[in-house]
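Using full-length UniProt numbering, the first residue of the sequence shown is number 1, and each one after it goes up by one. By construction, the Cβ of each residue, glycine as well, lies at the ideal position given by its N, Cα and C atoms. A quick note: this is a predicted structure, and the numbers were derived from the prediction, not measured.
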Amino acid sequence: MDWLNLEPYGRPVQHDRQPETHVSSTVLVTGATGKTGRRLIPKLLRRGIAVRAGSRAPVRSGAEPVRFDWFDESTYQPALQGADALYLVSPHLADNVVDAFAQIQKFLHSAADAGVRRLVHLSSFGVDQAPADDPLRRVELLVDESAIPATILRPAAFMQNFSENHWSNLARTIRERGEVAMPFGDHPVSYVSTADMADVAAVALAEDGHEGRGYTLTGPAAITLIEAAELISAATGRHIRYVDPGPGAVRQALLDSGAQADFAEYVSQIFEFAITSGVMTAVTGDVAAVTGREPTGFAEFATDAVGAWLP
Numbered sequence: 001m002d003w004l005n006l007e008p009y010g011r012p013v014q015h016d017r018q019p020e021t022h023v024s025s026t027v028l029v030t031g032a033t034g035k036t037g038r039r040l041i042p043k044l045l046r047r048g049i050a051v052r053a054g055s056r057a058p059v060r061s062g063a064e065p066v067r068f069d070w071f072d073e074s075t076y077q078p079a080l081q082g083a084d085a086l087y088l089v090s091p092h093l094a095d096n097v098v099d100a101f102a103q104i105q106k107f108l109h110s111a112a113d114a115g116v117r118r119l120v121h122l123s124s125f126g127v128d129q130a131p132a133d134d135p136l137r138r139v140e141l142l143v144d145e146s147a148i149p150a151t152i153l154r155p156a157a158f159m160q161n162f163s164e165n166h167w168s169n170l171a172r173t174i175r176e177r178g179e180v181a182m183p184f185g186d187h188p189v190s191y192v193s194t195a196d197m198a199d200v201a202a203v204a205l206a207e208d209g210h211e212g213r214g215y216t217l218t219g220p221a222a223i224t225l226i227e228a229a230e231l232i233s234a235a236t237g238r239h240i241r242y243v244d245p246g247p248g249a250v251r252q253a254l255l256d257s258g259a260q261a262d263f264a265e266y267v268s269q270i271f272e273f274a275i276t277s278g279v280m281t282a283v284t285g286d287v288a289a290v291t292g293r294e295p296t297g298f299a300e301f302a303t304d305a306v307g308a309w310l311p
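This is the structure:
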């Protein structure tokens, strides 16, 4: 996994075509109930942009709910109907799929045929440095080579993994045991808020000038899990301590969450290397550059999320 030895951040995605002027009128948001999708929808609506909220079990969110399932191609065309822009969250993490290339390839063809003219793809930190045969990099290259002008977001680890549903079960262990229980607790990570990610996505979908670019999204500082526990303690008024469950805990947590063995192995290897190699200590200015404001710090996030950790 030497590909995570990063140098450039937020470097442009290479497109032969020139960015076009286009004002999005209707955006299909895939992963509409996820950590970023459900935060993105109201931001687009406030801009006067119509939203189709795509998920396997559509829910009312102020947007038009539409059924969308990566593994049911019959849902592609109906979900895309009338959309001229797309927020693309691949099924890798949500569906425990190591390689979703075939599904995304078919969907992008459908999107181009349906008249989608702008795309924002939620990728992962450092994927632009991955070898071409890495599953996540293959998807980025597919997006880059599609007929739709694209912006790629590469976020660091999510702050909301501490407070919302996640395979790590951090929210539950903090709430029930007063513990931040994950390995590699002394390695700093530049955690990013999913609210900031949604702000960047909203700008890229609604405004010109972001096509053909890649943004690496981080918080304002890199902190360790030990420091995260201290900040959560301050926010909750409880004593929250860091506990190291050992390096095998990541793979086991993934298996316990229902992941297949190959997926658990893939994610645990990436997780360990990304954390222990130090690459995720990087802090970029991309959130501020796109949104015009500084990114959310972990202390601010903890104050806002305090209800998730109270017994």
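Inclusion of Thr26 and Gly82 in the CB contact set at 8 Å is warranted, their separation being smaller than that value. Ser90 and Val290 have their C-alpha atoms spaced approximately 23 Å apart.
Bounds of any beta strand (DSSP E) do not take in Gly37; it lies within the alpha helix (DSSP H) bounded by 37-46.
By the Cβ neighbour-count rule, Val116 is buried, with 16 or more other Cβ atoms within 10 Å of its own. Counting only the Cα atoms, Pro155 lies some 5 Å from Ser124. Scanning Ala201, Tyr266, Val189 for the CA closest to the CA of Thr284 turns up Val189. DSSP lists Leu122, Tyr215 as the beta-bridge partner residues of Leu153. In the displayed model, Leu80 falls within a helix according to three-state DSSP.
Leaving aside the five residues that flank Phe271 on each side, the residues in its chain whose CB is nearer than 8 Å to its CB run, in chain order, Val250. Phe71 sits in coil when the DSSP states are folded into three classes, being neither helix nor strand. In the structure shown, the three-state DSSP call for Thr291 is helix. Distance between Thr224 and Gly258, taken at the CA atoms: about 27 Å. Scanning the stretch 164-213 for uninterrupted alpha helix (DSSP H) segments of 4 residues or longer gives 170-177, 194-206, listed from N- to C-terminal end. Within the same chain, Pro65, Val66, Arg67 come within 7 Å of Pro58 by CB-CB distance, once the 5 residues on both sides are set aside. Cβ neighbours of Tyr266 within its own chain (closer than 6 Å, five residues either side excluded): Val98. Ala112 places its beta carbon less than 8 Å from that of Ser146. If you draw a 10 Å sphere on the C-beta of Asp256, you find fewer than 16 other C-beta atoms in it, and that means exposed. In terms of Cα proximity to Ser268, the closest of Gly248, Pro131, Asn169 is Gly248. About 5 Å separates the CB atoms of Thr194 and Thr36; that is less than 8 Å, so the two are in contact. In this model, Gly278 and Phe298 are separated by some 19 Å (Cα to Cα). Membership of Ala50 in the beta strand (DSSP E) is indicated by the continuous run 50-55.
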